[in-house]
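What the sequence shown shows, in the numbering used here, is residues 85 to 388, in sequence order.
Glycine included, each C-beta is placed from N, C-alpha and C at the ideal position.
Since the model is a prediction, treat every value here as computed from it, not as a measurement.
Taking it in order: structure first as structure tokens, then the write-up.
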Amino acid sequence: MGQIIDKLVEKSVRISGDQSSDIAINLYDGGNGIPLLFIHGFPFDGLMWRRAAEILLRKSLDAGDNQGAFLNYRTIIPDLRGLGKSELLTRSPTKTGISIEQYADDLDAILTNLKIDSRVIVAGLSMGGYIAIQFAHRHNVRVAGLVLCNTKTTTDSPEGLQGRQDIIDKIYNSWDTAAGVLDSVADAMIPKFFAAKTYSEKPDIVDEIRAMIKSNNPHGVSAASWGMMKRCDSSEILASFDLPVLVIGGEEDKFTPPDSMKQLAKIAKHAEYVEITAAGHLPPIEQPKSFAIALNNFIKKINF
Ligand code: MLT
85 MGQIIDKLVE KSVRISGDQS SDIAINLYDG GNGIPLLFIH GFPFDGLMWR RAAEILLRKS
145 LDAGDNQGAF LNYRTIIPDL RGLGKSELLT RSPTKTGISI EQYADDLDAI LTNLKIDSRV
205 IVAGLSMGGY IAIQFAHRHN VRVAGLVLCN TKTTTDSPEG LQGRQDIIDK IYNSWDTAAG
265 VLDSVADAMI PKFFAAKTYS EKPDIVDEIR AMIKSNNPHG VSAASWGMMK RCDSSEILAS
325 FDLPVLVIGG EEDKFTPPDS MKQLAKIAKH AEYVEITAAG HLPPIEQPKS FAIALNNFIK
385 KINF
């Protein structure tokens with residue numbers, strides 16, 4: 085356990101892996117207050133939330149922002165099973181992986197382990213959004229509000245499914261040296277993730293995300309690709325929630341563009357939509373302050 089970055093403490097908790105073994109889940113835990121559970125996207129790890137978490141854990145915004153103070157928060161940011169520093173139980177090369185439902189159940193086990201029994205705000209980005217919807221469905225009593233960033237309820241197109249299978253096959257075929265596969269995953273994805281201004285004005289962020297992808301566990305990336313490939317359409321689940329929902333889109337997102345995010349907000353019964361300017365697929369990374377303000381404004385309206 086150690087202080088990884090300002091205000092966030094890195095911890096490891098053990099959850100059930102299968103009938104015979106536990107696995108260690110790495111997470112970043114900070115602050116005291118309303119619990120915020122952040123679920124990262126693919127192929128990232130929990131640290132993609134660190135800029136937003138550091139802002140949320142400040143007691144107030146900078147003078148001149150005129151957006152009022154932040155509430156008190158506790159941010160809980162796991163590395164999903166097999167990604168970042170969290171373990172994956174894989175004893176031999178495999179082409180199967182972790183279902184979205186399993187990741188959701190892992191989050192329940194993580195909260196139990198941390199002895200958090202008050203309701204949480206769960207925020208997921210992209211793949212994290214697929215998981216957040218399943219978490220709110222399967223562990224509804226745990227959830228006070230749902231934040232869906234740059235995500236969707238629909239399944240993949242045939243080309244998208246083929247792309248997932250290609251990643252799984254490449255990693256399977258080079259199991260012991262598969263890290264190289266992530267270099268090509270990063271090279272293919274990085275030119276599409278961000279808004280124009282992020283590339284020109286914040287190259288450090290682009291570099292950080294490239295390094296995060298390249299250093300990930302390829303077997304965890306393969307497992308997540310399988311989970312996304314097999315996921316079900318969750319539109320009806322989202323439509324069934326009585327929860328307050330905040331939908332966040334990025335003005336220049338090429339994966340889940342603003343129009344698709346506005347449609348997502350229409351599926352939920354009680355949703356509001358906020359678009360973050362000068363952001364692509366990753367608003368909490370590209371515009372963490374605007375993201376934090378949107379989140380804080382949403383949570384202020386929730387009755388706990
Ligand atoms: C993500 O950012 O998590 C990915 O774009 C999700 C996906 O590949 O469907």
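| Item | Value |
| --- | --- |
| Beta-carbon proximity list for M211, same chain, < 7 Å, skipping 5 on both sides | G125, F126, A308, M312 |
| Residues sharing a beta bridge with N110, DSSP | S96 |
| Close beta carbons around S100, own chain, < 7 Å, minus the five adjacent residues each side | D106, A193 |
| G117, buried or exposed, once every other Cβ within 10 Å from all chains shown has been counted against 16 | exposed |
| CB of A270 within 8 Å of CB of R294, strictly | yes |
| S210 beta carbon near the ligand MLT (any heavy atom closer than 7 Å) | yes |
| Contiguous alpha helix (DSSP H) assignments of at least 4 residues, all confined to the stretch 206-247 | 211-222 |
| Anticipated Cβ contact below 8 Å, N387 with L167, distance rounded | Not confirmed; about 34 Å, so no contact. |
| Backbone secondary structure at A378 - three-state DSSP | helix |
| Distance, Q103 Cα to A220 Cα | 25 Å |
| Spatially closest choice to G114 from V227, R98, L92, by CA coordinates | L92 |
| DSSP state of E334 mapped onto helix, strand, coil | Note that residue 334 corresponds to Gly in the displayed sequence, not to Glu. Three-state DSSP puts G334 in a strand. |
| Endpoints, alpha helix (DSSP H) assigned at E138 | 134-140 |
| Residue of P372, A188, I184, E292 minimising C-alpha distance to A362 | P372 |
| Length of the line joining the Cα atoms of Y357 and S258 | 43 Å |
| Rounded distance between the beta-carbons of P162 and I109, thought under 8 Å | 6 Å |
| Coil, strand or helix - T159 by DSSP | strand |
| Beta-carbon separation (whole angstroms), D190 vs R165, contact threshold 8 Å | 5 Å |
| Option in A207, A355, F382, I251 with minimal Cα separation from G130 | A207 |
| Helix, strand or coil at I182 according to DSSP, with G and I counted as helix | coil |
| Spatial neighbours of G364 in its chain, beta-carbon cut-off 6 Å, leaving aside the 5 residues before and after | F277, F278, A279, G334, E336, D337 |
| G311 CB to nearest heavy atom of the ligand MLT below 7 Å | no |
| Continuous alpha helix (DSSP H) stretch holding P342: start and end | 342-351 |
| 7 Å CB neighbourhood of T282 in its chain, flanking five on each side removed | I289, V290, G364, E370 |
| CA-to-CA distance, E185 to V204, given in whole angstroms | 18 Å |
| P368 classed as buried or exposed, judged by whether at least 16 other C-beta atoms fall within 10 angstroms | buried |
| Near the ligand MLT: F278 beta-carbon under 7 Å from a heavy atom | no |
| Run of the beta strand (DSSP E) containing L266, from where it starts to where it stops | Premise fails: L266 lies in the alpha helix (DSSP H), 263-277, not in any beta strand (DSSP E). |
| Span separating the alpha-carbon of F467 from that of M132 | Look at the range of the chain in this structure, 85 to 388, and you will see that residue 467 is not part of it. |
| Boundaries of the alpha helix (DSSP H) in which E285 is found, first to last residue | 280-285 |
| Pick from L198, Y187, T159, Y157 that is closest to S96, judged by C-alpha positions | L198 |
| Nearest to C233 (by Cα), restricted to the options K346, G181, E292, P275 | K346 |
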